[in-house]
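In the working numbering, the protein residues as written are 7 to 218.
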C-alpha cells in the first residue's frame with residue numbers, strides 16, 4: 007500500500023512537470039539606445055507558471071517600479087556581481103556545450119501574437135545594410151527553429167541612415183516555455199562539468215601510473 011501511494015505521488019509529480027510551462031507576456035517593451043532611460047516607462051512583463059497545460063498557479067509581474075526595486079536591492083546587486091565573477095572565472099565552460107543547451111531550450115519555446123520591430127543604424131551606411139540583412143536572416147532562421155504561429159506574428163528589421171550608431175527594439179508578444187525543456191537544458195549544461203571532472207581524474211591516474 008505504501009509503495010502504491012509513493013508510486014502515485016511520483017506519477018502525479020511527473021505529470022505536473024510534463025504538462026507545466028512558463029507563460030511570458032511582453033507588453034509594449036521598447037529598448038532605445040538613443041533614449042536617456044533606454045527603456046520605456048509603460049511596459050509590463052507578466053510571468054505565469056501553469057500546470058496541466060493552462061492552470062496558472064504562480065504569477066510575477068515586472069514593470070518600471072518593480073525593476074527599480076530589484077536594481078536597488080543590495081542582495082540582488084551582490085548576486086549579480088557574484089554571477090559576473092563566476093562567468094569571468096569560468097570562460098572555458100561557455101563553449102559548444104552552451105550552444106547545445108540553447109538548442110535544447112529552444113525546442114520548448116512557443117511564440118504567439120508577436121509584434122517585433124527593430125530599427126538599426128551605424129555610422130556607415132554600407133555596414134548598416136549588411137547588418138540589417140544579416141540579422142534579418144538570423145531572425146528568420148531562429149523563428150524556423152522554434153514554434154511560431156506565423157498568422158499572429160509580425161516582425162521587421164529596418165535600416166536607419168543617420169550617420170550614428172543606434173538601435174531601437176519594440177516588442178510585444180507571448181512566449182511559452184515547457185518546464186521539461188528548462189530541466190533538460192539545466193541537465194545538459196551541468197552534464198559537462200561532471201564529464202570534465204571525470205576526465206581530469208582519469209588523466210591524473212594515467213599520469214600517476216606512468217611513474218610506477
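We put the beta carbon where it would ideally sit given N, CA and C, even for glycine.
Cβ-based neighbour list, residue i, same chain, cut-off 6 Å, excluding 5 preceding and 5 following
| i | result |
| --- | --- |
| residue 40 | 172 |
| residue 174 | 38 and 125 |
| residue 177 | 32, 35 and 122 |
| residue 69 | 50 |
| residue 141 | 163 |
Proximity winner among the options, relative to residue i (alpha-carbon distances)
| i | options | result |
| --- | --- | --- |
| residue 30 | 16, 158 and 51 | 51 |
| residue 63 | 137, 55 and 136 | 55 |
| residue 144 | 163, 45, 67 and 159 | 163 |
| residue 191 | 114, 70 and 159 | 114 |
| residue 65 | 28, 43 and 75 | 28 |
| residue 117 | 146, 139, 138 and 159 | 159 |
| residue 71 | 23, 24 and 48 | 48 |
| residue 189 | 8, 24 and 179 | 24 |
| residue 26 | 186, 88, 196 and 194 | 186 |
| residue 161 | 148, 193 and 73 | 148 |
| residue 129 | 169, 8 and 146 | 169 |
| residue 179 | 53, 14 and 17 | 53 |
| residue 45 | 74, 57 and 67 | 74 |
Environment of residue i [buried if 16+ CB atoms lie within 10 Å]
| i | result |
| --- | --- |
| residue 120 | buried |
| residue 183 | buried |
| residue 181 | buried |
| residue 59 | exposed |
Assigned secondary structure, residue i (DSSP; H/G/I helix, E/B strand, else coil)
| i | result |
| --- | --- |
| residue 67 | strand |
| residue 46 | coil |
| residue 190 | helix |
| residue 119 | strand |
| residue 168 | coil |
| residue 142 | helix |
| residue 196 | helix |
| residue 178 | strand |
| residue 51 | strand |
Contact set for residue i: own chain, Cβ-Cβ below 8 Å, skip 5 residues either direction
| i | result |
| --- | --- |
| residue 167 | 127, 131 and 134 |
| residue 153 | 115, 116 and 117 |
Same chain only: Cβ atoms within 7 Å of residue i, ignoring 5 sequence neighbours per side
| i | result |
| --- | --- |
| residue 165 | 126, 127, 134, 135 and 138 |
| residue 13 | none |
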